[in-house]
Amino acid sequence: MSLRKIGLSFLLGTLAQFARADISAQIAEASAPLTQGVPEVAVARLQALLNKNLPETEWCVVAEKLAEAQVVAREPEDTLVLLADPRLRELPWAKFWRAQALAGVNRWADALPLYEELTTDRASPFFEAALFGAAETLRAIGKRQEALRKLNLLLHDKKWGNRAQLRAVELYIEMGDASNAQRLLAEMRPTLVAERRERRVLRGRLEL
1083 MSLRKIGLSF LLGTLAQFAR ADISAQIAEA SAPLTQGVPE VAVARLQALL NKNLPETEWC
1143 VVAEKLAEAQ VVAREPEDTL VLLADPRLRE LPWAKFWRAQ ALAGVNRWAD ALPLYEELTT
1203 DRASPFFEAA LFGAAETLRA IGKRQEALRK LNLLLHDKKW GNRAQLRAVE LYIEMGDASN
1263 AQRLLAEMRP TLVAERRERR VLRGRLEL
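Residue numbering for the sequence shown follows our numbering, starting at 1083 and increasing by one per position.
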């Protein structure tokens, strides 16, 4: 290979690296409001970024962040439209956010199989969230015992344990099982203010 061709290849490779870095920076900037509590702003920025002529890999990354922002911003109908794109349908993250969006419009029967599919792979980054989603869905359709079985798998999870315990307590109260509800409340070690507040509310319900 001539020096000219080597130089051209190096230049193209360097430009490609700069382009990828620039797109990554744009995605991070557009997504930032999602972690700042203003998902609606993230939706607007990510949608504008998605509308650009991006390479497919980067387009999919933006679509994933946009789907998350739309669900958090309570725009599930828009999420379902976005995830109908054939390029996304079989991606695990797309299945998870589609399930979340379907649950957001009370289409529980459609959401449950997607959650169940994602819970078959314990190595999946969506395993715990899908398990919790499946429990919420089962509860919504009146299958409380099945919902409890799902939640029991999360009770000792560092990230999901407290949330799973709170939901399990609610289910026990609904089922009239005060002893198990009290047991879980006593075992809880909530760290977040919202979790401590919810625990107090549930204790109040038990005392009624």
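The C-beta atom is built at its ideal place from N, Cα and C for all residues, glycine as well.
Three-way DSSP call (helix, strand, coil) for residue i in this model
i	result
GLU1157	coil
ALA1054	For residue 1054 there is no data in the structure shown, the boundaries of the chain being 1083 and 1290.
GLU1172	coil
VAL1120	coil
THR1273	coil
SER1206	coil
ARG1231	helix
ILE1109	helix
ASP1192	helix
TRP1242	coil
GLY1224	coil
GLY1286	helix
PRO1137	coil
ALA1258	Strictly speaking, residue 1258 in this sequence is Gly, with Ala absent from that position. Note: GLY1258 maps to coil in three-state DSSP.
THR1219	helix
Backbone CA spacing between residue i and residue j [nearest angstrom]
i	j	result
VAL1144	ASP1192	25 Å
LYS1225	LEU1248	17 Å
ALA1250	TRP1175	26 Å
ASN1188	SER1261	31 Å
VAL1125	ALA1183	15 Å
LEU1230	GLU1218	10 Å
ARG1271	TRP1141	41 Å
SER1206	ARG1279	31 Å
LEU1213	ASP1104	36 Å
GLU1138	TYR1197	26 Å
THR1202	LYS1134	36 Å
Residue i burial status per 10 Å Cβ neighbour count (16 or more: buried)
i	result
ALA1211	buried
ILE1109	buried
GLU1150	buried
GLU1146	buried
LYS1177	buried
GLU1256	exposed
LEU1094	At LEU1094 the pLDDT is 41, less than 50, meaning the model places this residue with poor confidence; the figure from the coordinates comes in the next sentence. LEU1094 is exposed by the Cβ-count criterion.
VAL1275	exposed
> Does the stretch 1255 to 1270 touch the stretch 1278 to 1290, meaning 3 or more C-beta pairs lie closer than 8 Å?
Replying inline: Segment contact: the stretch 1278 to 1290 against the stretch 1255 to 1270, three or more CB-CB distances shorter than 8 Å; contact assigned.
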